[in-house]
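Reviewing the structure listed below.
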Amino acid sequence: MSTTLLISDLHLHPGAPEVTEGFLDWLDRRARGVDTLYILGDFFEAWIGDDLLDHVDQDPSGNAALALRVATALRQLTDDGTALYLMHGNRDFLLGHRFADAIGAKLVTDPAVLRFADEPVLLMHGDSLCTRDEAYMAFREQARNPAWQEQVLAMPLADRIQLATALRQQSGEATSNKAEDIMDVTPEEVERVMRDHGVTTLIHGHTHRPAVHEIEIDDQPARRIVLGDWQPGRGWEVEIGPDGDPVLREIALQPGRS
């Protein structure tokens, strides 16, 4: 029987080893053997370039060592037959084909329409739905510009590490000063995107507000399923089985594995 799992917003980084350990255990206990796994963005707290994997001994932050360990585990998963797809988030928008190839994954565009049990489902990271956050939307346009990305990736590794640290700090300061509704999705944008793609089911992350929202699109019942972020001891997944019905589930993460 076909099973697909979707996760988002793990924000893996050296400062949260419990989440990394919980994820690796989840891979072994839960994801191994499923047909397909989708990671819908913000898998890493920051990603400064695929060449990070070449500089484990030159990266005092520990990000390279973490990335290599996670990449090894994901390669084992795909070698065992699970199809893996990565979507960019607002934190790891520099993930590239080299990293995807190394783990046996494919990069998927945002948004992406898939079919489950012959029903179309729209997958997104979710940041593009937060149109009321004008400052972020301006940054998003810059960060997704290929010319800007090329310029950043041409910087020395140490400079990219500093840039990533500065961007995270700026993001944290900006978030603390924004109203809650500004950082959530814009309902009108959700309806527009779902209508444009001809779907009645949308699955996304980004907002860290896990829920199933029952809505209407042109007088037809629809739903927006929001994946939650991962914390020590707790994560979120959506499972889609052979019947094509997505199920949002909170999952208990083990503290680590030997």
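So in this note's numbering, the last spot in the sequence shown is 525, and the numbers never skip. Glycine residues also receive a C-beta, built at the ideal position from the N, C-alpha and C atoms. As the structure is a computational prediction, the values presented were derived from the model and not from experiment.
{"Check": "Do you know how far the Cα of Tyr352 is from the Cα of Val375?", "Outcome": "6 Å"}
{"Check": "Once DSSP output is grouped into helix, strand and coil, what is the label at Thr526?", "Outcome": "Examination of residue 526 is not possible in this model, given that the chain is present from 268 through 525 alone."}
{"Check": "On the DSSP bridge list, what partners appear for Leu374?", "Outcome": "Leu353"}
{"Check": "Closest to Ala379 by C-alpha separation, out of Met354, Ala402, Asp496, would be which residue?", "Outcome": "Met354"}
{"Check": "Let me know the secondary structure DSSP gives Thr453 once reduced to three states.", "Outcome": "coil"}
{"Check": "Report the three-state DSSP secondary structure of His364 (helix, strand or coil).", "Outcome": "helix"}
{"Check": "Pull up the distance between the alpha-carbon of Ile306 and that of Asp486, whole angstroms please.", "Outcome": "31 Å"}
{"Check": "For the alpha helix (DSSP H) that Phe406 lies in, which residues bound it at each end?", "Outcome": "401–410"}
{"Check": "Use the C-beta contact count for Asn412: other C-beta atoms within 10 angstroms, 16 or more gives buried, fewer gives exposed.", "Outcome": "exposed"}
{"Check": "Which whole-angstrom value describes the C-beta separation of Met391 and Leu320, a residue pair presumed to lie in contact below a C-beta threshold of 8 Å?", "Outcome": "About 27 Å separates the two Cβ atoms, so there is no contact after all."}
{"Check": "Could you compute how far the alpha carbon of Ala367 sits from the alpha carbon of Glu401?", "Outcome": "31 Å"}
{"Check": "With DSSP run on the structure shown, which of helix, strand or coil describes His280?", "Outcome": "coil"}
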